[in-house]
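Note sheet for the following structure.
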Amino acid sequence: MRIIINYLLVLPIALIWSSIVIADPLKVGYIYIGPPGDHGWTYEHDQGRKYSVNKLGDAITTTYLENIPENADAVRAIRKLASSGHELIFTTSFNYMDQTLEVAKEFPNVKFEHATGYKRADNVSTYSARFYEGRAIIGHIAGHMTKTNTIGYIASFPIPEVIRGINAFYLAASKVNPDIKIKIIWNFSWYDPGKEADAANTLIGQGADIIVQHTDTYAPCQAAEKAGVMAFGQASDQSAFCPNAHLTAIIDDWGPYYAERTEAVLNGTWKSQDTWHGMKEGMVVMSPYHTGLMPSKLIQEAVNMEVAIKNGSLHPFTGPIKNQAGEIVVPAGSVADDGMLAGMSFYVEGIDGDIPQ
Amino acid sequence: MINIYPKIISRGHPSLLMTYLAPIIAIVLTLITGSIIFSFMGFTPFFALHTFFISPISTYYGVSELFLKATPLALIAIGLSFCFKNNIYNIGAEGQLTMGAIFGGGVGIFFYNVEGFWLLPLIIICGAIGGIIWAMIPAILKVRFNTNEILTSLMLVYVAALILDYLVVGPWRDPDGLSFPKTRPFNDSARMPLLFEGLRVHFGLILTIISVFIAWFIYSKTMLGYQLKVAGLSPKASRFAGFNQNKLVYITFGICGALSGIAGVGEVTGPIGLIYRDISPNYGFTAIIVAFLGRLHPVGIIFASIVIALTYLGAEDAQLFMQVPQAVGFVFQGLVLFYLLGADLLINYRISFYKRSLINEH
Amino acid sequence: MNIDLIFSIINIVLIATTPLVFASIGELVTEKSGVLNLGVEGMMLVGAVTAFVTLVITNNYFLTFLFGMLSGLLMSSLFAFLVLILLSNQVATGLALTIFGIGLSSMIGKKYIGTPIEGVNPYYFIILSFFVVYAVNQFLYKTKPGLILRAVGESHISAHAQGYNVIKIRFLSIAFGGLMCGLAGAYMSIAYAPMWQENMVAGRGWIALALVVFATWKPGRALLGAYIFGSVSILQMNLQGFGVRIPAQFFVMAPYLATIIVLVIISSDRLRIKLSAPACLTIPFFRGR
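Chains as they are written, first to last, in the numbering used here: chain R, -5 to 351; chain H, 3 to 364; chain F, 4 to 292.
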């Protein structure tokens, strides 16, 4: 009897083990901060994963672990992927940074890709997207479209990515409309549909006729639709939820990058690198502009901006740029370097209020 | 016609046999239910259950992770057991944990470039003080203003989280961290020593075991333990016996705050090594289940913390090896808890089967 | 401050507070009968997802809210079975119910995330919420069954001695709590922010629980407490929008601190609290004692 029990206990381990040893396809693992269905941040990463599967077919298999908190648990989750035969692991949120490096040190033969971080190693690459390029375009559109000259901006947490987005938006908007005012509500959450709807309605109540969000659900866009004002989608095309309000959305398209990096591991050409791609490389994409709401001239301008950003003739952070104190931070004729952009923690001149800190 | 139906009868004394047998019955029932659920989902039940319960701890690393996860749960649950025995419903241990991490971690950040053997003990003490301070708010409000501690302690959880947020994006932000909301890393002498090379289980486990012994000693050998026992059985009797109820409120809240604070320090100076927004996956709330599952007894709490920790690890392995969503893990975890809680019935009660005719209507 | 802005603020406060009112009034009745159910968050989530899925499948608002409420009822019945029949610990069982609800709701909703639906006007439910509070108040303090329910919460032993079926009364009270939490959840996913997202209740169940304590188990005060919390939450957003220069974290803290302060002020009257708190809260009832 005991032998049988022992055998039964060992069998599944043996099965798992053998599947690792025999398996031909490259195993690629993903760590997600939220559920893949959030229609925001994690959703787009999962779309990227699916894109790479479609592109590379039988050569790879992918696994993901969802809702992994950014604390001590993350190390175990990443390590579990590494120790179960995954040779390439994407960790898709900023605070997985030290955890990724910790596991990478222990598994030198496994390749790691960490999103939005800045610490690298021989087997750890970092990658991020220049979302602010899209923010400049929606800023330009908002500057033209607003009638009340008041924009409502729903922000999540005061991290550089969000602040950079606010600045890029405001710089472009105030360029076409110097009277524009931007009202910002910090929600201290990425993910609370009720609170996001409240914030949107509050901003609309204060006179905003365009709602911009840097949070993850489509509640603000829905609230705008209901109130008859306009909005921009976040991370993915949200026009299905607010067809009469959705001017456009900034889409994070990770698919080509994921496919490329996975292919690099298959070919043995993978090297540690830092990637910061934007519209030029197709990592940041604008969803279709609303032809019913936007005049065709404005759509043309937005498309021209896309082209200019892609060919490098337009940079959203072109000097002169002043901070709130009126000091020049980017002199005329030059553009903000990546170091300044990566660590941006100040508002540009003209934005009311303090960054919460 | 068979007219037999079950009736629950009090045993009078708790059954020692059932104290040990009840968890086993619960586990057997869980395994049966789990098998049924997983077969419906198209998995071999044996493989599924193995993935959930055995595979997470089939390596040394897995066992170490089990204890790593159980450490804060047990530590907080022991603190909570003092409160609950005294009929104090402190549900804000999560906030006390956060404050402990802020106070202890704050010391670690202040001395980021100073090493010394004294640093870690200082951090632990400051963490305990932070937890005590945060626990004293509901305690004082309760004693002085008769304010219910359930509400105040819960609200203070959110307040503590926002204070932490303010510190990590503001004054304590890592100057070399590209403005990301996190602090500098602690230096090595501020970190909890690891118990085994290459495994993450740390000195916090030893602190937890010591706390278990102290708690057991207090409960069974001291006047305080006796007072808690009386207070738990009947607050009135305790007042008649001349025990100072207010003092008991302060002491129990203080113990819970200190242990929760140390748990917070254990997280930031143990596996994490710096402070940022999401230091705890709701350990303070989960520990409430652990405390009651362990029947507020130090040894019971140890076992309960291990069971709960295992269900978390199991949910991760189920995601990885069976591609079931994390949600299935939560459902399963809920079931395990329901069975364990339900089976406790057998300790104090027995089930008899009566013929209907013999039953008198109540 | 112009009149439009004031109306807009009142409007948002009403919409945002209503789920708290439903959930806390349901929990209040449960606690009045002497049972503490900490599973509010879990029941709300299951109510939210059930309503959402029903709407997607049937496109019938009546069925949507009916099933949303019934799912809350089912969840609470599971809880009632465990704590009333199997005499399990109420605190731990309630927390387990929340974990179970989080898992179950995400499992049910997985396929339906991101399905666009047509939301329903929240005003029907705002009006209903005031009516429910009034009705519960009348029931508890003006009717005989209400008196019996409170008697069971005060002393189940004497209520039993007088021939009342303690288990049945508690079961019904728990079931009412479940119905209301299901309704609160359905309101969230159909009227408040018409969508289904995992964990979309986002801690409101816990706030509702705390509000019952705040209310010292009085329906009118539960309403008041919910509106204090809701108003301060929305006001802080307005202050942020006006660009007041204080770190935003302190604004977001405001509703929690305000609730504590108001509670401290009203709870100094010791006798009143003692009279309204159900004496048998969390104490299990066993007939054979």
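Just so it is clear, CB atoms sit at the ideal spot from N, CA and C, and this is done for glycine as well.
All values derive from a computational prediction rather than experimental measurement.
R:A53 is classed as exposed because its beta carbon has fewer than 16 other beta carbons within 10 Å across all chains shown.
Using a CB distance cut-off of 8 Å, H:G331 counts as an interface residue toward chain F. Counting C-beta atoms within 10 angstroms of its own C-beta, H:G118 has fewer than 16 neighbours from the protein chains shown and is therefore classed as exposed. Proximity of R:F163 to chain F, defined by a Cβ-Cβ separation below 8 Å, is not satisfied. When secondary structure is reduced to three states using DSSP, F:T20 falls in the helix class. In the structure shown, H:W218 adopts helical secondary structure according to DSSP, grouped into three states. Within chain F, no C-beta atom comes less than 8 Å from the C-beta of R:D246; the nearest is roughly 16 Å away. Shown here, H:Y114 sits in coil according to DSSP, grouped into three states, outside any helix or strand. Sixteen is the threshold: when 16 or more other Cβ atoms of the shown chains lie within 10 Å of the Cβ of R:D186, as they do, the residue is buried. Between the beta-carbon of H:P16 and that of H:N246 there is about 30 Å, and that puts the pair past the 8 Å contact cut.
The bridge partners DSSP lists for R:A253 come to none. By the 16-neighbour rule on beta-carbons within 10 angstroms, H:M225 is exposed. The beta-carbon of R:K177 is placed less than 8 Å from the nearest beta-carbon of chain F. Exposed is the label assigned to R:D331, since fewer than 16 other Cβ atoms lie within 10 Å of its Cβ. The three-state reading of DSSP puts R:D246 in strand, counting E and B together. Annotated as distal: F:V56 and F:I6, with beta-carbon spacing of 8 Å or more. Non-local beta-carbon contacts of F:T33 in its own chain, meaning distances under 6 Å to residues more than five positions away in sequence, involve N40, S176, I177, G180 in chain order. If you look at F:S236, you'll find it in the alpha helix (DSSP H) that goes 222 to 244.
In the three-state reduction of the DSSP assignment, R:G227 falls in the strand class. For H:F305, the enclosing alpha helix (DSSP H) covers residues 300 to 324.
Close to chain H, meaning a Cβ-Cβ distance shorter than 7 Å, are the following residues of the stretch 38 to 72 of chain R: T57, L59, E60, N61, P63, E64, N65, A66, D67, V69, R70, A71.
According to the DSSP secondary-structure assignment, R:S122 is paired through a beta bridge with R:W270. Residues of chain F whose Cβ lies closer than 7 Å to the Cβ of R:A234 are, in chain order, P119. Closer than 9 Å at the C-beta level to chain R, one finds these residues of the stretch 168 to 201 of chain H: Y168, V171, G172, P173, R175, G179, L180, S181, F182, P183, K184, P187, G200. Here DSSP, grouped into helix, strand and coil, assigns H:I26 to helix. The Cβ atoms of R:G222 and R:T142 lie no closer than 8 Å to each other.
Only residues of its own chain outside the window of five on either side were considered, and among them T67 have a CB closer than 8 Å to the CB of F:T61, listed in chain order.
H:T53 and F:I116 have their C-alpha atoms roughly 28 Å apart. The contact set of F:S132 on chain R, defined by CB atoms closer than 8 Å, is empty, because the minimum CB distance reaches about 15 Å. Excluding sequence positions up to five before and after H:P140, its CB lies within less than 6 Å of the CB of E151, T154, S155, all in the same chain and listed in chain order. Taking CB atoms only, H:S354 has no neighbour in chain F less than 8 Å away. The DSSP assignment places 125 to 139 as complete runs of the alpha helix (DSSP H) inside the stretch 95 to 150 of chain R, in order along the chain (cut-off: 4 residues).
With respect to the 8 Å criterion, H:I80 and H:I303 are classified as neighbours on the basis of their beta carbons. Burial state of H:F42 is exposed, judged by a 10 Å Cβ sphere holding fewer than 16 other Cβ atoms.
Listed along chain R, the residues sitting closer than 7 Å to H:Q328 by beta-carbon distance are E60, N61. At a cut-off of 8 Å between beta-carbon atoms, F:L8 makes contact with chain R.
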